[in-house]
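When the letters of the sequence shown are read in order and numbered with the working numbering, they come out as residues 373 to 465. We put the CB at the ideal spot given by N, CA and C, even for glycine. Small disclaimer: the values here were computed from a predicted structure and weren't measured.
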Amino acid sequence: MSERNLFAVRTLFFGRRIAALSAIAALGLFFSTRLDLGISLQDLSTAALPYEVALGNGKPTVVEFYADWCEVCRELAPDVYKVEQQYRWIRSS
């Protein structure tokens with residue numbers, strides 16, 4: 373086998389390894405974002421005050437915009453829930 377052919381074969385195998393590792397990494401990232409994080413956007417939406425009440429009650433209001441298809445929004449849902457629980461006493465007073 374000539375040196376040129378040997379280089380082509382090595383390059384081909386190297387490229388296939390890179391492609392396989394990339395596919396495995398992509399699948400890992402895809403499935404890691406699909407884990408149950410304990411609280412969903414739907415749960416937060418259901419527990420939220422109605423918009424008119426939140427703006428008219430004279431208390432500070434945080435308005436969170438999100439979309440169900442947004443990966444970042446879903447990842448932030450548990451943190452938003454923790455903040456809500458931390459300041460729940462303000463809401464009930």
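Beta-carbon contacts of residue i that lie in its chain and below 6 Å, excluding the five residues immediately before and after
i: residue 412; result: none
For residue j and residue i, believed in contact at Cβ under 8 Å, the rounded distance
i: residue 416; j: residue 452; result: 6 Å
i: residue 418; j: residue 427; result: Residue 418 to residue 427, Cβ: 19 Å. No contact.
i: residue 396; j: residue 431; result: Actually they do not touch by this definition, with Cβ atoms about 49 Å apart.
Every unbroken alpha helix (DSSP H) within the segment 392-464, with a cutoff of 4 residues, ordered by chain:
Secondary structure remark: continuous alpha helix (DSSP H) runs of at least 4 residues inside the segment 392-464, in chain order: 413-419, 423-428, 443-458 and 460-464.
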